[in-house]
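With my numbering, the residue at position 499 of the sequence shown is 499, and numbering never jumps.
By construction, the Cβ of each residue, glycine as well, lies at the ideal position given by its N, Cα and C atoms.
Scroll down for the structure; my scribbles are underneath it.
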Amino acid sequence: MPTLRSSVLIVCHPQPDSVGFGADFAENFQVAAEMARAFPYQVVVLPSGSTHRADDADADLAFLDELNATAPLSQRVIIQMEAPPERLRRMINKGNAFKILANFQDAQFERTVLEALEEYNLIRQNAKLFSLVNEQNESLRKLTAELEERVEKRQKFLEDARRKVLATNHRVEALHRALVAVHRATSIAEMERLTTEALSGVLGLSWIRIFFRSQSLLDPKKLDPLPALFSAPLMRGKDELGSIYFARDKGSEFTKDETGFLSQIADAVSLSIGRLTKLEQSETLKHQWEATFDAILDPVCLIDDNYSIQRINRSFAERSGSEPERLIGRKCHEAFFGRKTPCENCSMGSNFRLKPARTAGGDNVIYDVFSQEIRFKPADALLYMNMYHDVSAQLRLERQILESAKMAELGVIGSSIAHELNNPLGGMLSFLQLIRMDLKGDESFHGDIIEMERAALRCRDIVKSLLGFTRKSSSDDPRQVDLREAIEQALKITELQTRAMGIQVHLDLPPDPALITGQFNFLAQSIRNLLQNAQEAIAEKLKSRPGARGEIHIRLTSESASSQEGYVIEVRDNGTGFDPHLKEQVLDPLYTTKDPSRNPGLGLTVALQIIRDHSGDLEISSSPDSGTSVKIRLPRLESSQTKSDLAR
């Protein structure tokens, strides 16, 4: 198996363990030369002069010569190490010296190496771009040659056309009359007659006949013995509809110019036949639509924004107890329910449910109204299609099974996720604890390992909380929690990801503690889920709009209400957002706006459950391309009350 290599080679570093990023190390220039021959490093960090007894006096310059041969684009970071200026100048002259640092302990060491990596990638991209430009230039030269050839042919064609202009000018008016006649015709016979009248004076036509493929048994040449007869195919796309025949009884045969002119007329006739066909199809579709409209068993009506009825189906008229003609133009609430004002809960353009009401036909029912906004172009008229579905019997059945079905579905979700995640989480936690046992405590990454272990423990606790949709867990006792600490803890988990994505996080916390009674890990996890959703929304926007700037605002404030006092945590982002009509659906664990293969979309649902377990509330508002705002309201509860509520 090949050895994994880093893109960075550091030569003669006195303390390799202090480097906080992945890199390969060489103890002297001889080892470094062998490593450079085996792998093309992008960035090489080397001291000026020999620092090891195994190196000769000019080992650093020889190593640079080796690099110039094996990796000419690699960037070199030179550590001065008190080397004389003359020696430093000779190393710089070898090429690709990115930056010079005083020593390996320089505060800018890691940042300089990262910048050198970026410089290498930029140089490499420029080289590829230069190669691509050369290829494009060669392709452009070939295209230029082809274009010159085409221009020459086109020039010859224009010269021929210019000679024919004088001969064809007098046909323009005739062509115009013919096109107007073709598009004014409402039938094939009228089209033949009007086109003959328009062209008879110019070409001396006697008649024009249109024959479709179904009429192929007829021979137009036998209709009348004429000296001149020309036919042109009628095409619709790649399909041949038939042919059009032009005939005249005097003069000579049709010339090439005349046949070209008549071919243009044939093209116009083909388009007009398509128009007539679509007109006939539209009439047929109209009758079919009306029959389908009347076949719908639920009452359906088409209304404008003033509630005036434009169209209804037969079921609507029957439920209204009136004839369809008498209902057109009346208000829908007046015709259907006998009301003088719009129905309660009415919301045109979105689905809504009406309270139990008696229709004008005498039925006492509950309707679910499915209202769809329809815009007709070109006038852009706004209409609404309302379908009234009787849900009286359905509601009686739903009341019996709703609660059990909901808990069963959520139970399946919680148990499935807990089963799938507990095993890998347990393995991760075990390895992290083994790593921590091997640490001395003074390593630069010791704090990161501790944070990773804490995060794994929080993940384990949250997986357990998913089962709280069907049963409560009493493993964690409520205690006093400072919401500022919970927010800061959630930020620590997402800080690396937000920095890597270039997202700015604006944190606004009050100076005084914001104390409530609850479970710290669960509160921190709920805030972390909201931050994760905000990051994903911003990432989606940055993908479609490169160069955009992502921002997340987190704010904690106090709130006083008439009944109690509490705190408000607001998490606001400028990501993609979503349709406001989906505000209720996004809180459903069975619904997600994300790709299920990459993200199950349960973060918001888990956060909502945790907030409700703490007697709080979650409010969400969003609009497409403007971002999302989520507000968490948590009341100040007495310790005894909180414990009893969470225990339930």
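Between the Cα of residue i and those of the options, spot the shortest distance and give me the residue it belongs to.
i, options, result
"Cys459", "Ser320, Val505, Ser139, Leu425", "Leu425"
"Val269", "Glu190, Phe109, Gly627", "Glu190"
"Gln30", "Leu46, Gly22, Gln42", "Leu46"
"Ala537", "Asp625, Ser322, Asp508", "Asp625"
"Ser560", "Pro635, Val8, Glu110, Leu439", "Pro635"
"Asn533", "Leu439, Ser315, Asp573", "Asp573"
"Val369", "Met385, Phe104, Phe352, Arg177", "Phe352"
"Leu175", "Thr196, Ile188, Pro40, Leu509", "Thr196"
"Pro478", "Leu523, Ala456, Ala490, Gly577", "Leu523"
"Thr494", "Val133, Ile417, Ala455", "Ala455"
"Gln15", "Gln125, Ser371, Phe25, Arg76", "Phe25"
"Ile516", "Ile527, Arg545, Gln433, Ala486", "Ala486"
"Asp579", "Pro511, Gly627, Leu483", "Gly627"
"Arg209", "Leu229, Gly201, Leu203, Val202", "Leu229"
"Ser79", "Leu67, Ala102, Ala97", "It should be noted that the sequence gives Ile, not Ser, for residue 79. The residue with the shortest Cα to Cα distance from Ile79 is Ala102."
"Ile552", "Gln497, Gln525, Asp294, Glu280", "Gln497"
"Leu457", "Glu443, Gln480, Leu432", "Leu432"
Rounded to whole angstroms, what's the CA-CA distance from residue i to residue j? Just pull it up for me.
i, j, result
"Cys346", "Ala539", "38 Å"
"Asp60", "Val505", "45 Å"
"Ile244", "Leu199", "14 Å"
"Asn121", "Ile503", "23 Å"
"Gln108", "Ser74", "19 Å"
"Ile620", "Lys631", "6 Å"
"Val19", "Met428", "25 Å"
"Arg499", "Glu488", "15 Å"
"Gly157", "Asp239", "What sits at residue 157 in the sequence shown is Phe, not Gly. Each residue's Cα considered, the two are about 29 Å apart."
"Gln609", "Ile449", "29 Å"
"Tyr384", "Lys256", "57 Å"
"Glu565", "Glu344", "34 Å"
"Ala548", "Lys541", "8 Å"
"Thr642", "Gln535", "Any reading at Thr642 is ruled out, since the residue's pLDDT is 41, under 50, leaving its predicted position unreliable."
"Ile265", "Ala178", "7 Å"
"Asp305", "Gly329", "12 Å"
"Pro513", "Pro546", "40 Å"
"Ile92", "Gly22", "26 Å"
"Leu439", "Ser430", "15 Å"
"Asp611", "Gly550", "The question names Asp, yet the displayed sequence has Ile at residue 611. Rounded to whole angstroms, Ile611 to Gly550 spans 27 Å at the Cα level."
"Arg184", "Ala145", "47 Å"
"Thr557", "Asp613", "21 Å"
"Gly260", "Phe254", "10 Å"
"Pro85", "Val44", "20 Å"
Taking only three categories from DSSP, how would you classify residue i?
i, result
"Met235", "strand"
"Val19", "coil"
"Ala514", "coil"
"Leu354", "coil"
"His13", "coil"
"Ala490", "helix"
"Asn387", "Just to set this straight, residue 387 is Met in the shown sequence, not Asn. Strand at Met387."
"Ser615", "coil"
"Arg721", "Nothing in the structure corresponds to residue 721, since the chain is present only between 1 and 648."
"Ala107", "coil"
"Asn68", "helix"
"Asp60", "helix"
"Asp625", "coil"
"Lys331", "strand"
"Tyr245", "strand"
"Cys343", "coil"
"Gln372", "strand"
"Ser48", "coil"
"Ser430", "helix"
"Gln724", "Residue 724 lies beyond the residue range present for the chain, which begins at 1 and ends at 648; the question has no answer from this structure."
"Gly547", "coil"
"Asp438", "helix"
"Tyr307", "coil"
"Tyr567", "strand"
"Leu649", "Beyond the ends of the chain as shown, which are 1 and 648, falls residue 649; an answer cannot be given."
"Phe29", "helix"
Give the C-beta separation of residue i and residue j to the nearest angstrom, bearing in mind that I take them to be a contact with Cβ-Cβ under 8 Å.
i, j, result
"Tyr312", "Leu327", "Note on identity: in this sequence residue 312 is Ile, with Tyr being the wrong assignment. With a Cβ gap of about 6 Å, Ile312 and Leu327 count as contacting."
"Ala317", "Pro324", "5 Å"
"Ser206", "Arg162", "Not a contact, Cβ separation roughly 33 Å."
"Glu570", "Ser629", "6 Å"
"Tyr307", "His333", "6 Å"
"Ser392", "Val365", "5 Å"
"Pro40", "Ala71", "4 Å"
"Ala607", "Asn529", "4 Å"
What ranges does the alpha helix (DSSP H) occupy inside the segment 164-204, keeping only unbroken runs of at least 4 residues that lie completely in it? Counting only runs of at least 4 residues, the segment 164-204 fully encloses the following alpha helix (DSSP H) elements, listed from N- to C-terminal order: 188-203.
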